[in-house]
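*Asks:* Just so you know, we're using the working numbering here: the sequence shown kicks off at 25 and counts up by one. A single structure is presented below for examination.
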Amino acid sequence: MLDREAVLGLVQEALAGVTNPRTGESVLVGGQVSGLTLDDEGKVHFQFLLKPEDAGTLVRAARAAVEAVSGVARVKIDVKLPKEAQVPGQAQPKRLAPHSVPAPTPEANIVAGIGHIVAVSSGKGGVGKSTVAANIAAALASAGHRVGLLDADIYGPDIPQMFGESRKPLVTGGKGQEKIVPLEGHGVKLMSLGFLLEPEQPAIMRGPLVSGILRQFIEQVEWGELDYLIVDMPPGTGDAQLSLVQTVNLDGALMVTTPQEVSTGDVRRAIRMFERVKTPVLGLVENMAGLTCPHCGGHVDVFGEGGGAKLAAEMGVRLIGSVPLDPEVRRAGDEGSPTAISAPDSQAGRAFRAIADLLVDIIAAAAPTGSRA
Ligand SMILES: Nc1ncnc2c1ncn2[C@@H]1O[C@H](COP(=O)(O)OP(=O)(O)O)[C@@H](O)[C@H]1O
Ligand SMILES: [Mg+2]
Numbered sequence: 025m026l027d028r029e030a031v032l033g034l035v036q037e038a039l040a041g042v043t044n045p046r047t048g049e050s051v052l053v054g055g056q057v058s059g060l061t062l063d064d065e066g067k068v069h070f071q072f073l074l075k076p077e078d079a080g081t082l083v084r085a086a087r088a089a090v091e092a093v094s095g096v097a098r099v100k101i102d103v104k105l106p107k108e109a110q111v112p113g114q115a116q117p118k119r120l121a122p123h124s125v126p127a128p129t130p131e132a133n134i135v136a137g138i139g140h141i142v143a144v145s146s147g148k149g150g151v152g153k154s155t156v157a158a159n160i161a162a163a164l165a166s167a168g169h170r171v172g173l174l175d176a177d178i179y180g181p182d183i184p185q186m187f188g189e190s191r192k193p194l195v196t197g198g199k200g201q202e203k204i205v206p207l208e209g210h211g212v213k214l215m216s217l218g219f220l221l222e223p224e225q226p227a228i229m230r231g232p233l234v235s236g237i238l239r240q241f242i243e244q245v246e247w248g249e250l251d252y253l254i255v256d257m258p259p260g261t262g263d264a265q266l267s268l269v270q271t272v273n274l275d276g277a278l279m280v281t282t283p284q285e286v287s288t289g290d291v292r293r294a295i296r297m298f299e300r301v302k303t304p305v306l307g308l309v310e311n312m313a314g315l316t317c318p319h320c321g322g323h324v325d326v327f328g329e330g331g332g333a334k335l336a337a338e339m340g341v342r343l344i345g346s347v348p349l350d351p352e353v354r355r356a357g358d359e360g361s362p363t364a365i366s367a368p369d370s371q372a373g374r375a376f377r378a379i380a381d382l383l384v385d386i387i388a389a390a391a392p393t394g395s396r397a
């Protein structure tokens, strides 16, 4: 029996491995592949946008890569030339299409009503990326900003749950014009890409899938007016991450690391990835830096101090905060009330709020008009 989702995942992987020599990017990242489908007979079908500057052999390379996937019987490619694909007024209809990868907009632009978009990223999972994202969002909201938090890391724990929300969001509007109403917790509008995905969907296809639909998804959520949209990114530097960065016009990224991770290549690679795609790294957050003793409240330096500062200096980015390892931080997350607001005067709570304040300053300094041009 053909496991369609698994095969489709492998096809996406195969396409992710085909590099356009002109751009140095995967054909998936550049939005060249769209409308990818696989039928029950094993026939793969997709559109391929071939720019005049691209070598025609690129289509052949894509075909060969897909044909090599076991489970694929036939490959049909509709080659499109840019003119045909960009007739004004013929924009692709916006639909949630869990089994296809729509072409990302070639040049990212502003999502209506959203002032600034900040990605929170890391080299690896488990470093506290979601915790930092949730606390910054909560701190910004409690300081009076209009804030949304999008969970694009569907591998990790649910961001809405960190705000005590376990309901599914409502969908309003007629067919073809559906809008998703975000949940809300502690003044933060919450949305998770996980809502789109079937729980049993194999992990292998989630990455590429997510990258293709993020922008579309952001546009379909009824955020209203937001000053800041914080995006909890999947960890790492794969095509999914790259594509996320390129399909949404980010103000920049916050990198989260831990003292143990500082010395590894993962966080460096992640920082370089953002630089390569010209997305500013707004700052480095060192999480679990030392331990706040649950008994006496004193600070214990566990892994050696100064790693984050050294890494920041070495990579030419700014260390904008250090958050201690504090059992209360985890508990607060589990209980749906981020530390930044449930214990604002604890050392961790103060650190999170200071990071949020600094972030506002850094973004304002980068975009003095307050708009993302
Ligand atoms: N500063 C901290 N102190 C204590 N626990 C933390 C801290 N930061 C994160 N955690 C806990 O570590 C685990 C991983 O954090 P999480 O934010 O889910 O990481 P990531 O999103 O990078 O995978 C969670 O259980 C979280 O509650
Ligand atoms: Mg996470």
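C-beta: ideal position from N, C-alpha, C; glycine also. Note that the structure is predicted; figures quoted are calculated from it, not measured.
Taking the alpha helix (DSSP H) that F70 belongs to, which residues open and close that run?
*Replies:* Translated into positions along the sequence shown, residue 70 becomes position 46. For F70, there is no enclosing alpha helix (DSSP H); the enclosing beta strand (DSSP E) has its first and last residue at K67 to L73.
*Asks:* Can you find the residues in the same chain that come closer than 6 Å, C-beta to C-beta, to G307, ignoring five residues on each side of it along the sequence?
*Replies:* Here residue 307 refers to the residue found at position 283 when the sequence shown is read from its first residue. Excluding residues within five positions, the ones whose Cβ falls inside 6 Å are L278, R342 and I344.
*Asks:* I need the straight-line Cα distance from A372 to S366, nearest angstrom please.
*Replies:* By 1-based counting over the sequence shown, the position of residue 372 is 348. By 1-based counting over the sequence shown, the position of residue 366 is 342. Their Cα atoms are separated by approximately 11 Å.
*Asks:* Short of 6 Å in beta carbon distance, which residues of its chain neighbour T288, apart from the five on each side in sequence? Order them along the chain.
*Replies:* Your numbering for residue 288 matches position 264 in the sequence shown. Excluding residues within five positions, none has a Cβ falling inside 6 Å.
*Asks:* Under three-state DSSP, which class holds P348?
*Replies:* Within the sequence shown, the letter at position 324 stands for residue 348. It is a strand residue.
*Asks:* Quick one: grab the DSSP three-state call for R239.
*Replies:* Mapped onto the sequence shown, residue 239 falls at position 215. DSSP places R239 in helix when its eight states are reduced to three.
*Asks:* Measure from the alpha carbon of V144 to the alpha carbon of each residue in E338, Y252 and P368, then state which is nearest.
*Replies:* Along the sequence shown, one-based indexing puts residue 144 at 120. It is Y252 whose Cα lies nearest to the Cα of V144.
*Asks:* Could you tell me the alpha carbon to alpha carbon distance between K153 and G188, rounded to whole angstroms?
*Replies:* Against the sequence shown, residue 153 aligns to sequence position 129. Against the sequence shown, residue 188 aligns to sequence position 164. Put simply, the backbone Cα of K153 is about 18 Å away from that of G188.
*Asks:* Give me the residue from D63, L62 and G41 with the minimum Cα distance to G54.
*Replies:* Taking the sequence shown and counting its residues from 1, one reaches residue 54 at position 30. For G54, the closest C-alpha among the options D63, L62 and G41 is that of G41.
*Asks:* In chain order, what residues of the same chain lie with their CB nearer than 8 Å to the CB of S124, ignoring the 5 residues before and after it?
*Replies:* Counting from 1 along the sequence shown, the entry for residue 124 is found at position 100. Confidence at S124 is low in this model, with a pLDDT of 36, below 50, so the placement of that residue is unreliable and no value is reported for it.
*Asks:* Beta carbon of P259, beta carbon of D177: below 8 Å?
*Replies:* On the sequence shown, position 235 is the one that residue 259 refers to. On the sequence shown, position 153 is the one that residue 177 refers to. In contact: P259 and D177 (Cβ atoms closer than 8 Å).
*Asks:* Quick one: measure Cβ to Cβ for L250 and G137, integer angstroms, because I've assumed they're closer than 8 Å.
*Replies:* To locate residue 250, count along the sequence shown from 1; it is residue 226. To locate residue 137, count along the sequence shown from 1; it is residue 113. Confirmed, about 6 Å.
*Asks:* Note down, in chain order, each residue of its chain lying with its Cβ closer than 7 Å to the Cβ of V324, except the 5 sequence neighbours on either side.
*Replies:* Along the sequence shown, one-based indexing puts residue 324 at 300. Hits under 7 Å: G314, L315 and C317.
*Asks:* Given this structure, state the Cα-to-Cα distance separating V205 from A380, to the nearest angstrom.
*Replies:* Counting from 1 along the sequence shown, the entry for residue 205 is found at position 181. Counting from 1 along the sequence shown, the entry for residue 380 is found at position 356. V205 and A380: Cα-Cα distance of roughly 25 Å.
*Asks:* For K203, tell me which candidate among P193, G209 and I141 has the shortest Cα-Cα distance.
*Replies:* In the sequence shown, residue 203 corresponds to position 179, counting from 1. That would be P193, whose Cα lies nearest to the Cα of K203.
*Asks:* Which of the three DSSP states, helix, strand or coil, is assigned to E49?
*Replies:* For this step, residue 49 is matched to residue 25 along the sequence shown. In this structure, E49 counts as strand in the three-state DSSP scheme.
*Asks:* What beta strand (DSSP E) runs, 3 residues minimum, are completely inside the region 294-368?
*Replies:* Counting only runs that start and end inside the region 294-368, the beta strand (DSSP E) elements of at least 3 residues fall at 305-316 and 343-349.
*Asks:* Report whether the distance from the Cβ of D350 to the nearest heavy atom of ligand 3 is below 7 Å.
*Replies:* As for ligand 3, it is missing from this structure, which binds only ligand 1 and ligand 2.
*Asks:* Can you list, in chain order, the residues of its chain whose CB lies under 6 Å from that of L266, leaving out five sequence neighbours each side?
*Replies:* Walking along the sequence shown from the start, residue 266 turns up at place 242. If we look at L266 and ignore the five residues flanking it on each side, its Cβ neighbours are V53.
*Asks:* Suppose you measure from the CA of E243 to the CA of V96; what does that come to, to the nearest Å?
*Replies:* Residue numbering aside, residue 243 sits at position 219 when the sequence shown is read from its first letter. Residue numbering aside, residue 96 sits at position 72 when the sequence shown is read from its first letter. For E243 and V96, the distance between alpha carbons rounds to 33 Å.
*Asks:* What's the C-alpha gap between S166 and V135?
*Replies:* For the purposes of this step, residue 166 is taken as residue 142 along the sequence shown, with counting starting at 1. For the purposes of this step, residue 135 is taken as residue 111 along the sequence shown, with counting starting at 1. Cα to Cα, S166 sits roughly 24 Å from V135.
*Asks:* Keeping to the same chain, check which residues put their C-beta closer than 8 Å to that of S370; ignore five residues upstream and five downstream.
*Replies:* Position 346 of the sequence shown holds residue 370. For S370, where only same-chain residues beyond five positions count, the Cβ hits under 8 Å are T316, D350, E352 and T363.
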